[in-house]
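Numbering (our numbering), first residue to last: 943 to 1276. Contents: one structure, followed by commentary.
Below, the structure is given as structure tokens:
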């Protein structure tokens, strides 16, 4: 009788333990809240979380919701900087990302720019100072993201520059800023990889552009314009990437390349055109180097186009402009 009682007592205990184990297994299977918010501000309560290094930034409408941060204007050339009042410490954290909503109209004038920085590192570029095309979000707020340096430590800054408040202004608005870290690292994806060592099969080469097996970095292949002076070389030559470039669902997109600009006149340039907008140019003094250019303003879009233009404005009057492009890559985070 006693043994029977013990058996009856153990049955509900086993059933209870089984239910608890099933509950624990279910809870373990649920997604865990791994986001670690380091900084957050929607600007609805003013600029108390920010310091103004230069210029008078304000909060205004339109905004994504409530109020948004608005960059200053100026009657003359000036650079403006607003930074987080506190230093953001990402030591020991992984997968740290900046997210924010932004609306922008950056005029196509040399000297107008808008960048996002973490410490001294540029993590987002809306317009390079050398660009001569308007960069605009078409009066809409768009969501943008940027990867932050691993184990970084610094202030988050928004930096704009203008030439004047009529033709060379930067109307830039930011809302809903969040810096967060989590355990889910984003995946780096190579969207375009053109080392140009063998051929230029993916390129349409116009006028003076050609593929040369020894003109690139380290004596390997590259795109180059035919050398030689004279009026026959005056004008603009274009090298256009043929495949369409899709960045949908991407962020932190970075274009890198080696370039050589053997120039002999101030009007001569090597320029990059993205979606027919001139986003970067090297004019005047000839130089060579590796370019790192972020495509923040154009992220999360499809059907993008890329073109290089070698501009010889003077011909025989100013000599020849020789342009070289090599080791081109475009990588994004997803």
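C-beta atoms are modelled at their ideal positions from N, C-alpha and C, and glycine is treated no differently. Note that the structure is predicted; figures quoted are calculated from it, not measured.
- In terms of Cα proximity to residue 1156, the closest of 1019, 1267 and 1143 is 1267.
- At the C-beta level, residue 1121 and residue 1030 come within 7 Å of one another.
- Residue 982 sits away from residue 1041, with the two beta carbons spaced by 7 Å or more.
- Contact check for residue 1117 against residue 1005 passes: the beta carbons are separated by less than 7 Å.
- Contact between the stretch 1092-1104 and the stretch 1018-1027 is present: three or more C-beta pairs spanning the two stretches fall below 8 Å.
- When the alpha-carbon of residue 1190 is set against those of 1246, 1081 and 1057, the nearest one is in 1246.
- Within the stretch 1104-1139, the beta strand (DSSP E) runs of at least 3 residues that lie entirely inside it are, in chain order, 1112-1123 and 1130-1136.
- A straight-line Cα-Cα distance of about 25 Å links residue 1212 and residue 1063.
- Sixteen is the threshold: when 16 or more other Cβ atoms of the shown chains lie within 10 Å of the Cβ of residue 1251, as they do, the residue is buried.
- Around the beta carbon of residue 1028, a 10 Å sphere encloses fewer than 16 other beta carbons of the protein chains shown; the residue is thus reported as exposed.
- Rounded to whole angstroms, the Cβ separation of residue 1128 and residue 1151 is 35 Å, and the two are not in contact under 8 Å.
- The three-state reading of DSSP puts residue 1227 in coil, since its state is none of H, G, I, E or B.
- For the pair residue 991 and residue 1123, the CB atoms are not nearer than the 7 Å cut-off.
- Cα atoms of residue 1192 and residue 998: separation of roughly 33 Å, rounded to the nearest angstrom.
- Under the three-state reduction of DSSP output, residue 1238 falls in the helix class.
- Within the same chain, and ignoring the five residues on either side of residue 1230 in sequence, the residues whose Cβ sits closer than 6 Å to its Cβ are 1202.
- In the three-state scheme derived from DSSP, where H, G and I count as helix and E and B as strand, residue 1177 is classed as strand.
- In chain order, 1128, 1129, 1131, 1191 and 1192 place their CB closer than 7 Å to the CB of residue 1276, counting only its own chain and leaving out the 5 sequence neighbours on each side.
- Taking residue 1046 as the centre and dropping the five residues before and after it, the same chain places the C-beta of 1068, 1079 and 1114 closer than 6 Å to its C-beta, in chain order.
- For residue 1252, the enclosing beta strand (DSSP E) stretches over residues 1248-1254.
- Its chain contains 1021, 1022 and 1023 as the residues whose beta carbon lies nearer than 7 Å to that of residue 996, once the 5 sequence neighbours on both sides are disregarded; these appear in chain order.
- Judged by DSSP in its simplified three-state form, residue 1159 adopts helix.
- Under the three-state reduction of DSSP output, residue 1031 falls in the strand class.
- In the structure shown, residue 1196 adopts extended strand secondary structure according to DSSP, grouped into three states.
- Cβ-Cβ separation between residue 1159 and residue 1200: approximately 4 Å, consistent with a contact (criterion under 8 Å).
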